Amino acid sequence: MLPRIEISNVVRRAYKAIDEHNNSCPTQAVERKIMTADGKPDVQLIHRRVGLIPEAISTTFHALVTEYVRNYNRTASMMADGAYTKDSPPGLHTNNVRLAPFCRCTDRTVRNHLSRLRELGYIQTKFHGTRKDFEVWISPKFLFEPESETPANEFKNAPKPHFEGENPKIFPLNSTYIEIIEKKETRKVDMLVEHGENVQGQRGRAETTAVGQQPLNTAGRREDQVGGGGVRPRQAMTSIRLPQPTTPRRNPKDLAPMHLKMLVEFWLYAWRVIYPGRDFNDQEQEAALYAIMAGVYNNFTDPLSDAEWLNVQVYQLSKLDKAGRYFDRHPDAYRPDPYAVVIAGKGYFDRENHLGFIGIEAWMKKDKIEQKRQRDAYAHRKRCDRLLITARRDFLKLRMGQTPRKEVAGKTELGLYQYYDALFAGLGAKYRERFAKQYLDRQTHNFQSPRFQAAQRARRAGGEVTKEVIVYVENYMEGDGTGYYTD
């Protein structure tokens, strides 16, 4: 069975290869004509590096990798074992027009970028004709983790060294740890969180320490034991209680089987598309389930039928797809914790956090408005096209002396023109102009229909159209097709 590929790992290896290529590019001397201070012409020697991979090609390669890995994971999850191997992975059927919006350039530019990537050995393509355009594969050296390469998560929580004399403003991240204190009066256990400042604007992972132990910095020292002439880090450590829910929480175990299945399915899919490279323990997963149940499903208190709940589930999963695509296109974007860590309502799935998952609702509404606009534009265009055909037929019946429709009965040619001109005036200047051009063009042909609009049966009777012959082409039929077709 093919292993699952993470987009972030492929992008990391790809950009590493691009950087190595650019660093190894040779330098070429170029002469440049200049004018000296006294106005005399002179020649200046400029050294330029040739063969660099520009940023535009890197962007195209990033978009292609994203689409390929998504297609690879979908195919690998559906196909049976043995259908594909690492040496022969599934390909992506696409074309330049489809890739152009993701690459922020034209389809012709995408074609030139793919040619350069093919020369570098980063991709392979195979032409399939107009139906499939081409099939593309990413080089296996980017897709699969080399055996000699260190796993990405091996040193994720390793402490960072503390260099003496370092500026405290760029001091490495202080460890966030949890301290559990038991109150003897009420026998109630409270959890206090000690946290420090984060120079990158993100919170680190939590580390549980013993009761009464002082927080250590990332080098393993205590904050009050920095010696050897090093700069003393800031003592900005405070004790903050974990946010408590304002309303009583429901236990997921008390939910109906259908609702519990929806909740777990949503969390597992969110873990897969939003937090693919992160590990959650049992307590963190429980906190995530509570946050999702309250922020996404409103604790399943809405009076909906089973069919309506299924529609809600499909809608919420589509929002996760949109969030996953956003993080795939922005691998450096900050991914907040699914639940509130310090401040209530700041978790990604909290209903109060309008910059989190709830904010995707605005994107969905915007897409819905755009889809409605496109449907209305298509319906308007079809209505106007049908009205143009009806107008041509009414003029033809009037010229041939046939019985007109009731709406235009008794009208002369001038009256019929004024009738349709008033109709098209209400449909926009574009179609009013098209009607005028059609009237002048068809008037010269006695209002007969164009040859491409004539009935197919009549054209076939006149010998202008031959019966279609369907030829089925198999995948093994490559080359010029000699020997595969018969008369």
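Residue numbers (our numbering): 319 to 805.
Virtual Cβ for every residue (Gly too), placed ideally from N, Cα, C.
Quantities reported herein were computed from a predicted structural model and do not represent experimental measurements.
DSSP, read as helix, strand or coil, puts residue 347 in strand.
With fewer than 16 other beta carbons inside 10 angstroms of its own, residue 673 counts as exposed. In the three-state DSSP reduction, residue 661 falls in the coil class, being neither helix nor strand.
Within its own chain, the residues whose Cβ lies closer than 6 Å to the Cβ of residue 451, once the five positions on either side in sequence are excluded, are 413, listed in chain order. Taking a C-beta distance under 7 Å as the contact criterion, residue 691 and residue 765 do not qualify as a contact pair. Put simply, the region 381-395 touches the region 324-342. At least three CB pairs are less than 8 Å apart. Cα atoms of residue 416 and residue 696: separation of roughly 21 Å, rounded to the nearest angstrom. Distance from the CA of residue 344 to the CA of residue 338, rounded to the nearest whole angstrom, comes to 12 Å.
In the three-state DSSP reduction, residue 428 falls in the helix class (H, G or I). Here residue 324 has 594, 595 as same chain residues with Cβ atoms under 7 Å from its own Cβ, once five neighbours each way along the sequence are excluded. Contact between residue 726 and residue 737 holds, with the beta-carbon distance rounding to 6 Å and staying under 8 Å.
Under DSSP, the beta-bridge partners assigned to residue 453 are 411, 444. Under DSSP, the beta-bridge partners assigned to residue 361 are 351. Residue burial annotation: residue 610 is buried, with at least 16 other C-beta atoms found within 10 angstroms of its C-beta.
Take residue 760, set aside five residues on each side of it, and the residues of its chain with a beta-carbon closer than 6 Å to its own are 710, in chain order. DSSP links residue 367 through a beta bridge to 345.
By the Cβ criterion, the region 391-406 is not in contact with the region 642-658, since fewer than three pairs of Cβ atoms, one from each stretch, lie closer than 8 Å. In this structure, residue 641 lies away from residue 676, with their beta-carbon atoms at least 7 Å apart. Taking all protein chains in view, the Cβ of residue 396 is surrounded by fewer than 16 other Cβ atoms within 10 Å, so the residue is classified as exposed. According to the DSSP assignment, residue 373 belongs to the alpha helix (DSSP H) that extends over 373-396. Contact between residue 753 and residue 706 holds: CB atoms are separated by about 6 Å, below the 8 Å threshold. Around the C-beta of residue 621, fewer than 16 other C-beta atoms lie within 10 Å, and the residue is accordingly described as exposed. Note on the region 597-679: whole alpha helix (DSSP H) runs with a minimum of 4 residues are 600-613, 624-647, in chain order. About 30 Å separates the Cβ atoms of residue 625 and residue 657, ruling out a contact at the 8 Å cut-off. Here the alpha carbons of residue 637 and residue 588 stand approximately 10 Å from one another. With a 10 Å radius around the Cβ and a threshold of 16 neighbouring Cβ atoms, residue 614 comes out buried. Within a 10 Å sphere around the beta-carbon of residue 431 sit 16 or more other beta-carbons, which makes this residue buried. As the crow flies, the alpha-carbon of residue 376 is around 45 Å from that of residue 576. Distance between residue 373 and residue 380, taken at the CA atoms: about 10 Å.
Here the C-alpha atom of residue 579 lies approximately 35 Å from the C-alpha atom of residue 420. The alpha-carbon of residue 693 is positioned some 34 Å away from that of residue 668. Assigned with DSSP and collapsed to three states, residue 421 falls in helix. Cβ atoms of residue 454 and residue 409 come within 8 Å of each other, at about 6 Å. Between the C-alpha atoms of residue 405 and residue 660 there is a straight-line separation of about 47 Å.
If you look at residue 761, you'll find it in the alpha helix (DSSP H) that goes 747-762.
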